[in-house]
Every structure is written in structure tokens, then in C-alpha cells.
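Taken in sequence, the protein lines are chains A, B, C, D, E and F. 10 is the number of the first residue of the first sequence in the numbering used here; add one for each residue after it. 10 is the number of the first residue of the second sequence in the numbering used here; add one for each residue after it. 10 is the number of the first residue of the third sequence in the numbering used here; add one for each residue after it. 10 is the number of the first residue of the fourth sequence in the numbering used here; add one for each residue after it. 10 is the number of the first residue of the fifth sequence in the numbering used here; add one for each residue after it. 10 is the number of the first residue of the sixth sequence in the numbering used here; add one for each residue after it.
There are 6 protein chains.
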Amino acid sequence: MLDKYFDELEVGTRAVSRSRTITEADIVMFAAFSGDWYPLHTDKEYAAKTMFGQRVAHGMLVLSVATGLVDMKPGVVAAFYGMDKVRFTAPTFIGDTIRVEAEVLEKSDKGAFGVVTIKQEIKNQRDEVCNSAILKVALNKKPA
Amino acid sequence: MLDKYFDELEVGTRAVSRSRTITEADIVMFAAFSGDWYPLHTDKEYAAKTMFGQRVAHGMLVLSVATGLVDMKPGVVAAFYGMDKVRFTAPTFIGDTIRVEAEVLEKSDKGAFGVVTIKQEIKNQRDEVCNSAILKVALNKKPA
Amino acid sequence: MLDKYFDELEVGTRAVSRSRTITEADIVMFAAFSGDWYPLHTDKEYAAKTMFGQRVAHGMLVLSVATGLVDMKPGVVAAFYGMDKVRFTAPTFIGDTIRVEAEVLEKSDKGAFGVVTIKQEIKNQRDEVCNSAILKVALNKKPA
Amino acid sequence: MLDKYFDELEVGTRAVSRSRTITEADIVMFAAFSGDWYPLHTDKEYAAKTMFGQRVAHGMLVLSVATGLVDMKPGVVAAFYGMDKVRFTAPTFIGDTIRVEAEVLEKSDKGAFGVVTIKQEIKNQRDEVCNSAILKVALNKKPA
Amino acid sequence: MLDKYFDELEVGTRAVSRSRTITEADIVMFAAFSGDWYPLHTDKEYAAKTMFGQRVAHGMLVLSVATGLVDMKPGVVAAFYGMDKVRFTAPTFIGDTIRVEAEVLEKSDKGAFGVVTIKQEIKNQRDEVCNSAILKVALNKKPA
Amino acid sequence: MLDKYFDELEVGTRAVSRSRTITEADIVMFAAFSGDWYPLHTDKEYAAKTMFGQRVAHGMLVLSVATGLVDMKPGVVAAFYGMDKVRFTAPTFIGDTIRVEAEVLEKSDKGAFGVVTIKQEIKNQRDEVCNSAILKVALNKKPA
Chain A
10 MLDKYFDELE
20 VGTRAVSRSR
30 TITEADIVMF
40 AAFSGDWYPL
50 HTDKEYAAKT
60 MFGQRVAHGM
70 LVLSVATGLV
80 DMKPGVVAAF
90 YGMDKVRFTA
100 PTFIGDTIRV
110 EAEVLEKSDK
120 GAFGVVTIKQ
130 EIKNQRDEVC
140 NSAILKVALN
150 KKPA
Chain B
10 MLDKYFDELE
20 VGTRAVSRSR
30 TITEADIVMF
40 AAFSGDWYPL
50 HTDKEYAAKT
60 MFGQRVAHGM
70 LVLSVATGLV
80 DMKPGVVAAF
90 YGMDKVRFTA
100 PTFIGDTIRV
110 EAEVLEKSDK
120 GAFGVVTIKQ
130 EIKNQRDEVC
140 NSAILKVALN
150 KKPA
Chain C
10 MLDKYFDELE
20 VGTRAVSRSR
30 TITEADIVMF
40 AAFSGDWYPL
50 HTDKEYAAKT
60 MFGQRVAHGM
70 LVLSVATGLV
80 DMKPGVVAAF
90 YGMDKVRFTA
100 PTFIGDTIRV
110 EAEVLEKSDK
120 GAFGVVTIKQ
130 EIKNQRDEVC
140 NSAILKVALN
150 KKPA
Chain D
10 MLDKYFDELE
20 VGTRAVSRSR
30 TITEADIVMF
40 AAFSGDWYPL
50 HTDKEYAAKT
60 MFGQRVAHGM
70 LVLSVATGLV
80 DMKPGVVAAF
90 YGMDKVRFTA
100 PTFIGDTIRV
110 EAEVLEKSDK
120 GAFGVVTIKQ
130 EIKNQRDEVC
140 NSAILKVALN
150 KKPA
Chain E
10 MLDKYFDELE
20 VGTRAVSRSR
30 TITEADIVMF
40 AAFSGDWYPL
50 HTDKEYAAKT
60 MFGQRVAHGM
70 LVLSVATGLV
80 DMKPGVVAAF
90 YGMDKVRFTA
100 PTFIGDTIRV
110 EAEVLEKSDK
120 GAFGVVTIKQ
130 EIKNQRDEVC
140 NSAILKVALN
150 KKPA
Chain F
10 MLDKYFDELE
20 VGTRAVSRSR
30 TITEADIVMF
40 AAFSGDWYPL
50 HTDKEYAAKT
60 MFGQRVAHGM
70 LVLSVATGLV
80 DMKPGVVAAF
90 YGMDKVRFTA
100 PTFIGDTIRV
110 EAEVLEKSDK
120 GAFGVVTIKQ
130 EIKNQRDEVC
140 NSAILKVALN
150 KKPA
């Protein structure tokens, strides 16, 4: 969806990304990178005793992977403004395969560029929504 | 701040985290992990021609690093509910050093556990706010 | 180029990829991953005394990065057959920014799928060809 | 084999490397480093439906790991010229253990240094050839 | 334990760290980082034939992870002097979960700072001691 | 030195390893892997105010890299027993290039295998000793 200029997107435009399997290696690498070694993610003895029963991927891991699943085209994205209503609605376990589904909710023309409001859902192979969020991204207009 | 149980935190409790310098290696590693190689982050020729004039850390990198800067104590955090009003307000460049400042805005007792609403600001060594967000986290109560 | 099915490509079709800056971190990470710590790549005292005068990216690093620069579409690529005439024609130094330019040389219909022969050149920001190669890739046909 | 100077190698000299098990973590790390997240390598649902029936290591991963399995001695290798007839002849699956077998095919004295032509086969624990290639490497002569 | 200034620790003070599960990914990443690809750690065919019967984590991996399990407070640690009687007393296998138990054995006031001698034991989920060591660390005194 | 069987080494045998430059990326990757983000290593503002004046590599980073610099031959090393008198005697800064110098101090025949006591010094490009240690390693005897 981020491979189209502001003027190429319409309210209602939808896109589905490719998918990626979240592995044990991903959780270890994200814990390492972020420094977040909370035992729910990285201690299997601890995780086994929680309501989840096993290690769970970090919420920010899932959000971060989502940004890389979405196709982006150089020159299109000007800046990432922010997110609203980010909700982690289901856990992502080792071996789950996630994808991103997105829909343009609003467009706001700012002259030289525009801002799109996108509803993003991250779903797993069981079609459960793991995370939903509203994204605001500044997009360039198509060069003449 | 996430090293205290629900009943140990008060509305208005504040905390400042340790700091971490964001390096070129961090940007490369986050691009690799997330799969987000947008050239603003990873192509120095491209970045030089944008309004930023140089490569910029991914917004999700900054948010992810923030989660690891905050002290967490095993057993305290039950689940990460979500975020609201996440705004990227200043770029993070290679060599910037960031920290997290947080304050408890609200507490909501749910019986067996509680939910805290936290205002989080990520600041750099020039005391600029790079990102602000409202976090909702479910915390356990202190074991008897 | 690998985002198009066999029947969507023509002999002579050309494509240019996005670009990526090769950093010191990339060389360290590739040395680590591959296990190839040859000092031309990872010992700056040693490299300073060679004809290159500084550390040089591994040839296989450059080839590996190239595979990720090329757009690929799930379902299109069936298998990677091989390469011919792979030649490293210029060194890649820390800070160089590389891209891939490709052209379809031949198409061979195999019935259920097809094999394309691609001339690939990896170029840096000075438009020098760092590596040239002939690739053979099996592509699926567009689903009905 | 690359731990011997040009004048220490003979046509017909053979060598077998140590072995390395290719893990799920290796595939994730190579996808991350290279940026090649093609779902045959990184989406287990997708891979299950291909002719391979499971995730397959990237061809370039196998070639890259091979370069690190071969013993190299500082000062011996002057430059990596290129490869010919690179063929991926069998898939490498998660858990396979690969090694490199090499034989000097030709030597060409260039005065100050020499070029050796090497036949390289990458084999797994079932002695299947996963990749074969002809390598051309410039080697220094033994210092007096 | 390293989150307390020299004057806040007493001989006999004890601490137990959080725990971390050592995964196959950790062993691959440590082999990559350190360059130590000894097949006992990274070749499952080889490891199966040793007295351990399976791959074993590097001793230095276990020691390195231990340093990150211990809580440290910015400003407290002045320098890491060294270690004595470092003994690897039990193997760490893929899937084991380790923690650090430490006790202050001696304190030596050096005027502006102090040196503490710490007995450190790294234990797994079966309460076996995998490594024991005596550490010497220079700690700052509490700022007035 | 660890590429020779117990009966191939003599008391007094010496060896010098290849060298490796320690980069900013190495420090970030080791902080990530180990979880040790102590600001002396990872916060350049903090480090600038210490007696070192800049970021310093972790002691365990230096020791870990040393294990990978030493040549090891599959089948030779049976087990790593431990270390004594490990002393960090000079800091390793970003850009320093380190090597390992080792000498066999003692040999002890245990029948089926033997234990060697090795004096190891890690030196930088200025020939300063950064770390010295006594290692004890169990080595196999040469197969008949």
C-alpha cells in the first residue's frame, strides 16, 4: 500500500501483504536488539506458568515485522507520523505466520504532500487479529 | 517503572530510564530484522536528498529500543494492552542517545490485576522529544 | 524483475532495484554469519597494507545483498537454478551504496513453468560495475 | 585449501572442510541480512505447499556459509575473481549439515601471484551435492 | 547485585538473577559473533558422537549471558577487574534455562572506590551448577 | 594452538592468532546478545565522562572474540575446563585490532586424553596486553 503515491490511493483501497513465520530465533533476536528480555518472551519455564502457557512474541516485535511486510516504494513515503488505537488482541506464538491487511480510511491533502490514515490489522494463519492499529503516514505526490 | 507491582505505583509516579546511543549498526540491524529497508533509513545517497539530510532511525526502532530501556521485573507485567497517540515528533539520527521518561496517568483496578495508563516520552541528548505515546499495560498485584 | 510471472517478462525487459549502503556493520555481520573472517574484510591494519588500502566487503556479501534488493513476488519464483560468469570487477568499500540492474537475455518455456536467463550487474554510487553475473531462475506461469 | 600459497598447491590437490548444521535461525538471519524474505524460505505455510514441502535455505546462504567453512590463511588469498557453472542441485533443509569438498583443477602463474581454478562441491550429511561451482581465486606466492 | 554502590553491599549479600532460556539461535549467534564454530557447538552430526550426545553451548556463551542477567545500575560499576577459578562444571544444552546466583565474599576499600570479590554460580532449571567463578569488580561509592 | 592433538603439543609451544578489528557494531551486537547494556559500553555521552573518555568493549566481548581467533581442529578439543587469573589489563576501544598469543605452560596426561594449561594474552595493535588468562583445556590424543 506504501508503494503508491498519495494521489494513487483512494479511500477504501485495500492491500494484503506477504506473510512471515515468527520463529524462536526472531524472538531471541528481538529481545537482543530491543534489550527487552522480559521472561514471558525469553524464559520458557516462566512462560509455561503464565496464562499463555508458552513463550509469546513481544508486541513490538509483531508491529516491527509488520512494517517490513508492507511493500514500500522509494520516494513514496515522506514520514511516519504516528499511530492510534494500537491494540494487541491475540498472542503470537513461536511458529505462527503473520501478514498485514490494510485499508485507507482517510486522505488529507496538504499541498506538496498528503497524509493518509490507514487501518492496519496483523493476522495470523488462523485469521485471528493479533494487532489492530490506525496509522498516519505522510506520502509524497507522484512526480510530474 | 515496570519493576513495581500495580499496588506499588501511584498516579504521578515518574521514572527516567538509562540511555542508549543509536548507532549505524542499530539501524542496519533493525532494517534487517524488520525487513524495512526503506532508503530513508538505509541508503545514505537517498537520505542526503531528503528534508532530513541524512539517514534517520526507523520510528519502530526507537519505540522498540524504548521497551528495553525501561526496567521490568519478572512477574510484574501481565500483558501489554496497547498504545494511543503515538507521535514521532523529531528524527533520531546516527549517534543520538535516547532515554525514556514515563509518568503514571491513571490506574484502574480490575480485581486480580490492574491496568496502568502511562505517558511515555522518548528524549534524546538534546532533550528533544522524539516520540510521545500513551501506553496501557496490565500489571499484577504484589504477591502476599 | 522477479515480481513478474514467466509469461509477463520479455527478452530485453530491464529493471533497476532500490539501493542499499554497505556499512561496516554489514561487513561484520556477514563475516559473523558466513564465518569468513579473512583479514582483508575484518582487520583494518591488515587491509591498509593490501592493494585495496582499506577493508573490502566480501564478494558473497555483495551477491547476497543483491538478492534482497530485487523485488520478488510470492508465487513467482519456483527455484534458483544457478549462475554463470560471476565476476567481481570492482571492490565494495564501507560506505558504498549498491543497486542491481538486470535484463532478461533468454526465455525457455518448459511447459508448466519457464526458465529465464538474466544478466545482472551490481553497481555502486559511482556507476562502477562491482559484480556481473548471468542468473538462471525458474519462474512460474501466471495462474489462470 | 585457501590456507596454502599458490606454489604450495598442485593440480589435483583436494580438501574437505569442517561441517556446519544449517538451522532455522540461520535461515532467518540470512533472510534478515540479505533482505530476501521470499516465502519459500521464511513462510512455513507457503513452503508446505511447494514441491519442497518445507522451508528451504537460500541458495546464496549455502554459498556464503561455504566460504566460511574453507580454511583461509591471512596473506594467502589476494582476491576472489569469480565463479562459473554455479548450480543448485539439491535443496538444503533446516537441520541439514553441510561441508565443502574442493579440488584444484588448474593453476595459472601470473608472475607476482597466481590464479587457481577450483572445483567446489557443497555436500550434506546424506552425501548429496547441494551445490557445485567452479571458483577462480588469486593467490599470493609464498614469501621468501 | 551490581545495582548497588560499594558502600551498599555487605559481605554475605546474596542475589539471584532473572533466567533466560538458551536456544539453538543463541548458539548459532554466539558462534557467529565469536567466530568459534567448533563442531561440538554447531554440527549436530559431530556432537551426536561425542560424550555429550548433542550440541553444547559454548562456555563463553554461558559466561557472556550471565553478565547480562545480572542487574547493573549506571554509575555503580567502575571497571571489571577479572575472574579466578572459572570452572565449567556441567554442559548447557539447547533449551536449558539459566540464572545467576551471586554472593559477596570480600570488600576492599580503595579510597575513592572499592573492589568486591563475588562468588558467582550459573545454574540451570535442574539446579545444576554449570559454571562457578570468582569475580573481581571495582564499584563506585554512593554519590553524596 | 587448539588445532593440534595433546601429543603434538609440547610445553613451550607458542602460537599467534590472526587479528580482528573490534568495531562499534561488535559492541552493539555483544550488548544485544549478552543483554549487558551497561552505559560504559553503549552510551557515548556517559562514556565520555568516565576515566576512559569513550565507549569501551565489554571484557567478555574481548574474551569471546579471542576464542574464535584461535585455530581449532574438529576432534582435537574434548572440553573447556576453565580459566584462572583472568585479568583485564587495558581497555579495548572501537577500532582496536586484537590478536591472541598463547603458550603451553603444562601438560597432564590423563590416559585417554590430556589436559593442557595455556597462558593466553590478548594484545592490540599497539602491543598492549588487554587481557591475560590461564586456560585449562582437555585435548584428545591423536587417533592411531
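In this text, a Cβ means the ideal position worked out from N, Cα and C, and glycines have one as well.
Query raised in the report: chain F partners of C/THR51, CB-CB under 8 Å?
Result: ARG29 and THR30
Query - Segment contact, 8 Å Cβ cut-off, at least three pairs: the segment 19-36 of chain F with the segment 78-92 of chain F - result: yes
Report task. Give a yes or no on whether the minimum CB-CB distance between D/VAL65 and chain A is below 7 Å. Result -> no
Query raised in the report: Does D/GLY68 come within less than 7 Å of chain C when only Cβ atoms are used?
Result: Yes - at least one Cβ of chain C is within 7 Å of the one on D/GLY68.
Requested in this report: Work out the CA separation of E/LEU11 and E/ILE127 for me, nearest whole Å.
Outcome: Approximately 10 Å between the Cα atoms of the pair.
Report task. Count the other CB atoms, across all protein chains shown, that sit within 10 Å of the CB of A/THR106; report buried if there are 16 or more and exposed otherwise. Result -> buried
Query - Start-to-end residues for the beta strand (DSSP E) that takes in E/ILE103 - result: For E/ILE103, no beta strand (DSSP E) segment is defined, and its DSSP state is neither H nor E.
Requested in this report: Count the other C-beta atoms from every protein chain shown that fall within 10 angstroms of the C-beta of D/ARG108, then say buried if there are 16 or more, exposed otherwise.
Outcome: buried
Query - Collapsed DSSP secondary structure at F/LEU78 in the structure displayed - result: Residue state, collapsed to three classes: helix.
Report task. Mind checking which residues open and close the beta strand (DSSP E) that includes F/LYS128? Result -> 122-132
Query raised in the report: Between the beta-carbon of E/ILE131 and the beta-carbon of E/VAL71, is there less than 7 Å?
Result: yes
**Report entry** Cutoff 6 Å; reference E/PHE61; Cβ partners in own chain excluding five residues on either side
**Finding:** For E/PHE61, where only same-chain residues beyond five positions count, the Cβ hits under 6 Å are PRO100.
Query - Alpha-carbon spacing of D/MET69 relative to B/THR32, whole angstroms - result: 28 Å
Query raised in the report: Which stretch, first to last residue, makes up the beta strand (DSSP E) that contains D/LYS145?
Result: 138-149
Query raised in the report: Taking the C-alpha atoms as reference points, what is the distance between D/SER117 and D/ASN140?
Result: Rounded to whole angstroms, D/SER117 to D/ASN140 spans 25 Å at the Cα level.
Requested in this report: List the whole-angstrom C-beta distance separating B/THR51 from B/ALA40, where the pair is believed to meet the contact cut-off of C-beta under 8 Å.
Outcome: 5 Å
Query raised in the report: Which residue or residues does DSSP assign as beta-bridge partners of D/LEU11?
Result: For D/LEU11, DSSP records a beta bridge to D/MET81.
Query raised in the report: Applying the criterion that 16 or more other CB atoms from any shown protein chain within 10 Å of the CB defines a buried residue, is C/THR30 buried or exposed?
Result: Flag for C/THR30 reads buried.
Report task. Examine chain F for any beta-carbon lying closer than 7 Å to the beta-carbon of B/ALA34, and answer yes or no. Result -> Output row for B/ALA34: interface = yes.
Query raised in the report: Thinking just about the alpha-carbon of each residue, which of E/GLY120, E/GLY104, E/THR98 and E/PHE89 is nearest to the one in F/TYR47?
Result: F/TYR47 has its Cα closest to that of E/PHE89, out of E/GLY120, E/GLY104, E/THR98 and E/PHE89.
Requested in this report: Kindly indicate which three-state DSSP category F/ASP4 falls into: helix, strand or coil?
Outcome: Not covered by the structure: residue 4 of chain F. The range shown for chain F is 10 to 153.
**Report entry** Residues bridged to F/SER117 [DSSP beta-bridge criterion]
**Finding:** F/VAL124
Requested in this report: Tell me the start and end of each unbroken beta strand (DSSP E) in the segment 30-100 of chain A that is at least 3 residues and wholly inside, in chain order.
Outcome: 86-97
Requested in this report: Sort B/ILE36, B/ALA87 and B/THR59 by Cα distance to B/LYS119 and report the nearest one.
Outcome: By alpha-carbon distance to B/LYS119, the top candidate from B/ILE36, B/ALA87 and B/THR59 is B/ALA87.
Query raised in the report: From the beta carbon of A/VAL74, is the nearest beta carbon of chain E less than 7 Å away?
Result: no
Query raised in the report: A/ARG64 and A/ALA75: beta carbons closer than 7 Å?
Result: The answer is no: Cβ separation not under 7 Å.
Query raised in the report: Any beta-carbon of chain F closer than 7 Å to the one on E/MET91?
Result: A small correction: the amino acid at residue 91 of chain E is Gly; Met does not occupy that position in the sequence shown. By this cut-off, E/GLY91 is an interface position.
Query raised in the report: Can you list, in chain order, the residues of its chain whose CB lies under 6 Å from that of E/GLU112, leaving out five sequence neighbours each side?
Result: ARG23 and LYS128
Query raised in the report: Name the residues in the segment 78-110 of chain B whose C-beta lies less than 9 Å from a C-beta of chain C; which are they?
Result: Within the segment 78-110 of chain B, not one residue has a Cβ closer than 9 Å to any Cβ of chain C.
Query - Short CB-CB distance (under 7 Å) between D/PHE171 and chain B - result: Because chain D is modelled from 10 through 153, residue 171 of chain D falls outside the range shown and cannot be assessed.
Query - Residues within the segment 130-152 of chain F neighbouring chain C, beta-carbon criterion of under 8 Å - result: GLN134
Report task. Below 7 Å CB to CB, which residues in the same chain sit around C/GLY84 once its five sequence neighbours on both sides are set aside? Result -> ASN149
Query raised in the report: Can the beta-carbon of C/ASP45 be found closer than 7 Å to that of C/HIS67?
Result: yes
Query raised in the report: Between the C-alpha atoms of B/VAL138 and B/MET38, what's the straight-line distance to the nearest angstrom?
Result: 23 Å
Query raised in the report: Just the Cα atoms here: how many angstroms apart are A/LYS53 and D/LYS13?
Result: In this structure, the CA atom of A/LYS53 is about 47 Å from the CA atom of D/LYS13.
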